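Residue numbers in the sequence shown follow the numbering used here, run continuously in steps of one, and reach 194 at the last position.
Each residue gets a CB set at the ideal place from its N, CA and C atoms; glycine is no exception.
A quick note: this is a predicted structure, and the numbers were derived from the prediction, not measured.
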Amino acid sequence: MRRLYFELYVQQGGNVVTATREWIDEFSRQTSFLDAEQIGEVVWELDAIRAVIVTHVALAAPDHAPDMMWTFFKLAETVFERTAEEGWDVSCVFDEACADLIKVSAHAGTEPTVFAEEVLAAVASNEYGQYNALVRATAEAEPWAAAYLSQLKVLLQQSLDKQPGAKDGTSGSRNLKLQLLQDTMQGLSIRRGT
């Protein structure tokens, strides 16, 4: 129903950005528990929102697309808190959104430092697994978004260097944040073959 409203609104000359934000807001306000059958409908709607951001918003207002995609990722809580289902299909939508985020960010001309800071913060707050594919997608985008990957590696290394125990091997080097940073950096190295 929300997708139909969106399409009608846009066909009548409505603002794509406004319509998409309203769609996301309405979706995020849903509170009912989702069973296995309903989760399929939610996956369909999530994927439709993702596609609208990548196609309609990115073309009509490229500067708004990256922020809107970051807002889209916040919908993970809305979905995963409302179901006991495993959510593999939902995760697939967010995995695809990770690759889309890089495309819309590059298209909008997002500064590499800004992008890398947002990715680092996202990976650190990956409570529902919505950012699981973000580092991989950034590494795979290297041929056409090399500055994003390069800046992400720089920020990761700086973060590793600032952690207590990072250089001296003390017990502080095993804290959760440091382990996350090390795993992320290793993941980038493996994916790039370096």
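- Task: Return helix, strand or coil for residue 110, following the three-state DSSP convention.
- Result: Translated into the one-based positions of the sequence shown, residue 110 becomes position 110. Three-state DSSP puts residue 110 in coil, outside helix and strand.
- Are the CB atoms of residue 91 and residue 30 nearer to each other than 9 Å? To locate residue 91, count along the sequence shown from 1; it is residue 91. To locate residue 30, count along the sequence shown from 1; it is residue 30. No; because the gap between Cβ atoms is not below 9 Å, this pair is not in contact.
- Message: By the DSSP assignment, the alpha helix (DSSP H) with residue 36 in it spans what residues?
- Response: Within the sequence shown, the letter at position 36 stands for residue 36. Counting along the chain, the alpha helix (DSSP H) containing residue 36 begins and ends at 36 to 52.
- Buried or exposed: where does residue 16 fall if 16 or more other Cβ atoms within 10 Å of its Cβ makes it buried? On the sequence shown, position 16 is the one that residue 16 refers to. Buried, since its Cβ has 16 or more Cβ neighbours within 10 Å.
- Item | Residue interval of the alpha helix (DSSP H) (run including residue 17) | What you label residue 17 is simply residue 17 of the sequence shown in a count that begins at 1. Where residue 17 is concerned, the enclosing alpha helix (DSSP H) starts and stops at 16 to 28.
- Message: Buried or exposed for residue 115, going by 16 or more other Cβ atoms inside 10 Å?
- Response: Mapped onto the sequence shown, residue 115 falls at position 115. Residue 115 should be labelled buried.
- Task: Under the assumption that residue 27 contacts residue 75 (Cβ atoms under 8 Å), give the Cβ distance between them as a whole number of angstroms.
- Result: Counting from 1 along the sequence shown, the entry for residue 27 is found at position 27. Counting from 1 along the sequence shown, the entry for residue 75 is found at position 75. Confirmed, Cβ separation roughly 6 Å.
- Message: residue 68 and residue 105 - do their beta-carbons sit closer together than 9 Å?
- Response: Walking along the sequence shown from the start, residue 105 turns up at place 105. Walking along the sequence shown from the start, residue 68 turns up at place 68. No. Outside cutoff.
- Kindly identify the DSSP beta-bridge partner or partners of residue 83. Locating residue 83 in the sequence shown gives position 83, where the first residue counts as 1. Paired residues: 34.
- Message: Comparing C-alpha positions only, which one of 113, 137 and 126 sits nearest to residue 152?
- Response: Along the sequence shown, one-based indexing puts residue 152 at 152. That would be 113, whose Cα lies nearest to the Cα of residue 152.
- Item | Alpha-carbon to alpha-carbon, residue 18 and residue 63 | Indexing the sequence shown from 1 puts residue 63 at position 63. Indexing the sequence shown from 1 puts residue 18 at position 18. When rounded, the distance between both Cα atoms is 14 Å.
- Query: Can you tell me where the alpha helix (DSSP H) with residue 65 in it begins and where it stops?
  - Reply: Here residue 65 corresponds to residue number 65 of the sequence shown, with the count starting at 1. 65 to 73 is the span of the alpha helix (DSSP H), which, as asked, contains residue 65.
- Message: For residue 125, report the span of its alpha helix (DSSP H) as first-last.
- Response: In the sequence shown, the residue the question calls residue 125 occupies position 125. Counting along the chain, residue 125 falls outside any alpha helix (DSSP H), and DSSP gives it neither H nor E.
- Measure the alpha-carbon distance for residue 96 versus residue 40 and round it to whole angstroms. Counted from its first residue, the sequence shown places residue 96 at position 96. Counted from its first residue, the sequence shown places residue 40 at position 40. Straight-line Cα distance between these residues: approximately 17 Å.
- Message: Suppose you measure from the CA of residue 159 to the CA of residue 121; what does that come to, to the nearest Å?
- Response: In the sequence shown, the residue the question calls residue 159 occupies position 159. In the sequence shown, the residue the question calls residue 121 occupies position 121. Going from the Cα of residue 159 to the Cα of residue 121 covers about 11 Å.
- Alpha carbon to alpha carbon, how far is residue 3 from residue 102? Give it in angstroms, no decimals. Counting from 1 along the sequence shown, the entry for residue 102 is found at position 102. Counting from 1 along the sequence shown, the entry for residue 3 is found at position 3. Whole-angstrom Cα-Cα distance: 24 Å.
- Item | CB-CB length for residue 46 against residue 93, believed under 8 Å | Within the sequence shown, the letter at position 46 stands for residue 46. Within the sequence shown, the letter at position 93 stands for residue 93. Contact between residue 46 and residue 93 holds: CB atoms are separated by about 5 Å, below the 8 Å threshold.
- Task: Can you tell me which of the three DSSP states residue 130 falls into?
- Result: By 1-based counting over the sequence shown, the position of residue 130 is 130. DSSP places residue 130 in coil when its eight states are reduced to three.
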